[in-house]
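Counting from 1, one number per residue, gives the positions in the sequence shown under full-length UniProt numbering. Below: one structure, written as structure tokens.
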Amino acid sequence: MAAREHYDCDGIQGMELNDFNGDGTTLESHWSKRNAKDELMAPLGGAGYYTELTLAAFADLGYYKANWAMAEPMGWGRRSGCELLQKKCS
């Protein structure tokens, strides 16, 4: 899975979605901003990279075929381990 490889974290099931209200009741269709800075699917504007994470999400829908050679690098969180994904900012 692309997220496990990017973050070097075997313990995750997938990407965390942005929690609009902060209470877990209003999840959005974008990645959590703390996990995917500058990624196309991040909730805030930025570089908008088409990373392996976005390509994997599109491929998982079943309607798209990803051209993995076109994936753009995202340094944010790369090989950070599970801590970045599991601990919330305070």
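Glycine included, every Cβ here is placed at the ideal spot set by N, Cα and C.
Cβ shell of residue i (< 8 Å), same chain only, five flanking positions each side left out
i, result
"Arg4", "Asp10, Ile12"
"Phe58", "Tyr64, Ala66"
Best match in the options for proximity to residue i [C-alpha to C-alpha]
i, options, result
"Leu85", "Met1, Met70, Tyr64, Ser32", "Ser32"
"Lys65", "Thr51, Asp8, Ala56", "Ala56"
Helix, strand or coil at residue i [DSSP, three-state]
i, result
"Glu16", "coil"
"Glu83", "helix"
"Glu72", "coil"
Contacts around residue i, its chain only, beta-carbon distance under 6 Å, and the 5 residues preceding and following it disregarded
i, result
"Arg79", "Asp8"
Cross-strand partners of residue i (DSSP beta bridge)
i, result
"Tyr49", "Glu39"
N- and C-terminal bounds of the alpha helix (DSSP H) containing residue i
i, result
"Tyr64", "Looking at the DSSP string, Tyr64 is not in any alpha helix (DSSP H), and its letter there is neither H nor E."
"Arg78", "Where Arg78 is concerned, there is no enclosing alpha helix (DSSP H), given that its DSSP letter is neither H nor E."
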